[in-house]
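Participant:
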Amino acid sequence: MASFAFFLLSWDWNQNFLKQAACLPCAGLTAWNGLNGLNALGKSHTVVVQGTGGVSMMALKLAASSGADLILTSSSDAKLEQVKTLYGLGSIKTINYKTCPRWEEEVLRLTHNAGVDITIENGGG
Ligand SMILES: NC(=O)c1ccc[n+]([C@@H]2O[C@H](COP(=O)([O-])OP(=O)(O)OC[C@H]3O[C@@H](n4cnc5c(N)ncnc54)[C@H](OP(=O)(O)O)[C@@H]3O)[C@@H](O)[C@H]2O)c1
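Per the numbering used here, residue 5 is the first one in the sequence shown, and the count goes up by one each step.
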């Protein structure tokens, strides 16, 4: 919970305050629960975040605050670059799941076959 409080305090509340705040109760808590409340996350862990949608971006920022290694997938190289720039996450690893349909194999390669601790998966709803 301390990490979530830190995340809220570090938010740029001056820009589009209401629009950003409106996503917290639903997408934010979905992401929070998907990450198990950050309970199991730290610098030694790795998280895959699928896609650049609302839940995924919340999860990405929350997971980044834990210090975990991040792998982000998207259908678009431009979106992957935009996320890196927008959120100051230049060091995250990225995979385009359109040009790399066996993206899970790329995840294994990027993690030296260790796999990941949590995957934020969009398709199952
Ligand atoms: N928003 C909420 O408050 C909320 C709450 C509870 C549950 N959910 C569920 O959580 C999921 C995501 O919701 P959202 O609001 O974040 O949706 P969203 O903003 O529409 O984002 C969905 C993202 O999923 C990615 N995607 C699409 N097809 C994919 C595929 N085949 N493989 C991997 N990624 C794919 C796309 O990313 P790219 O464009 O980067 O490829 C897309 O932007 C949905 O299943 C939704 O029902 C949402």
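Where a beta carbon is used, it is the ideal one built from N, C-alpha and C, also for glycine.
Using only the alpha-carbon positions, how far apart do V52 and S14 sit?
Facilitator: 23 Å
Participant: At the level of alpha carbons, what is the spacing between A26 and G41?
Facilitator: 20 Å
Participant: In whole angstroms, what separates the C-alpha of A63 from that of W36?
Facilitator: 7 Å
Participant: Could you pull the DSSP bridge partners for V52 from this structure?
Facilitator: V52 is bridged to I75, T123.
Participant: Pull up the distance between the alpha-carbon of I122 and that of A44, whole angstroms please.
Facilitator: 9 Å
Participant: Shorter than 7 Å, the distance from the beta carbon of Q86 to the closest heavy atom of ligand 1, or not?
Facilitator: no
Participant: Do you know how far the Cα of R106 is from the Cα of C30?
Facilitator: 31 Å
Participant: Measuring alpha carbon to alpha carbon, tell me which residue in R113, G32, D81, L112 is nearest Y101.
Facilitator: D81
Participant: On the DSSP bridge list, what partners appear for T98?
Facilitator: L76
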